Amino acid sequence: MAQSKHLYELQKSDLDIEMSQAALRQLVGKLGESQTLVEARAGVEVEEASLEKVRAEHRSLEEEAEVLASRIKSESERLYGGKVKSPKELSGIEQEVKALKGKKREREDRLLELMEQSDHMQMAVKEKRERLRQVEEEWREEQQQFAAEKTDLEEGLESLEERRQELAGAVGAEELRLYDTLRRSKGQAVVRIELGRCQGCRLTLSVAELQQARTGKIMQCHSCGRILYL
Ligand SMILES: [Zn+2]
């Protein structure tokens with residue numbers, strides 16, 4: 010293979026390697042938890058926390074209602090037990106029982122409200138959990154696909170790098186240095202000659218240059234310095 014062709018192929022390998030590396034970086038960025046998944050999980054947590062708050066209030070109100078019920082019971086026993094005789098004291102107890110019953114009723118009304126609220130919240134939790142389950146399923150499938158793509162890319166990169174080494178080994182050290190310098194400074198080190206023009210800078214080449222390029226030896230465009238490949 011002519012030297013210029015070798016370098017042209019080497020550049021093709023290098024460009025393919027760069028593309029694969031960029032694709033791999035992009036893919037690695039997509040691995041891990043997605044924003045949608047994080048949000049769906051947070052959605053469940055928020056609903057669960059609200060529900061737990063309502064349930065906690067419910068529990069504490071139930072306890073209060075029980076305490077009130079037992080106080081009503083004991084006060085009523087005093088009221089009707091016959092031990093207390095003083096009408097003033099009896100009237101006091103009666104007032105007390107009435108007040109306790111009022112408080113108990115307040116708690117019970119609130120308990121009913123909370124039960125209704127809790128029913129709605131349970132439905133919301135269920136919906137959010139279902140949404141999370143769907144998101145997780147899609148996410149898992151997507152991640153599996155990404156992982157497979159990653160393996161493919163890594164394998165492809167390995168063979169591209171092997172090919173690159175082969176090509177680089179077939180080029181002289183001096184030519185390789187020139188190629189590397191041009192790649193760094195100009196991006197494209199080797200350019201095709203098309204219709205007598207250097208495709209790097211679009212300059213029309215002389216007949217002598219074209220003839221030299223035809224031999225396949227390394228030659229540079231006199232204007233942009235890139236290696237010409239015919
Ligand atoms: Zn040029």
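Residue numbers for the sequence shown follow the working numbering, beginning at 10 and rising by one. Built from N, CA and C at the ideal position, the CB exists for glycine as well. On a predicted model such as this, the values are computed, not experimentally measured, just so you know.
When the alpha-carbon of Thr160 is set against those of Tyr17, Ser22, Leu16, Gln30, the nearest one is in Gln30. DSSP places Glu42 outside both helix and strand once states are collapsed to three, so it counts as coil.
One Cα belongs to Lys14, the other to Glu167, and the distance between them is close to 22 Å. The residue among Ala198, Ala133, Val134 with its C-alpha nearest the C-alpha of Gln208 is Ala198.
Of Glu139, Gln131, Ala58, the smallest CA-CA separation from Ala49 is found for Glu139. A residue is called buried when at least 16 other Cβ atoms come within 10 angstroms of its Cβ; Asp23 meets this threshold and is buried. Proximity to ligand 1 was defined by a C-beta distance below 6 Å to any of its heavy atoms, and the residues meeting it, in sequence along the chain, are Cys207, Gly209, Cys210, Leu212, Cys230, Ser232, Cys233, Arg235.
Between Glu75 and Val106 the beta-carbon gap is near 16 Å, outside 8 Å, which marks them as no contact. Contact between Leu187 and Ile26 does not hold, since their C-beta atoms are separated by about 19 Å, which reaches or exceeds 8 Å.
Straight-line measurement puts the Cα of Leu162 at about 11 Å from the Cα of Gln35.
Excluding residues up to 5 positions away in sequence, Leu36, Lys39, Leu40 lie with their Cβ nearer than 8 Å to the Cβ of Phe155 in the same chain.
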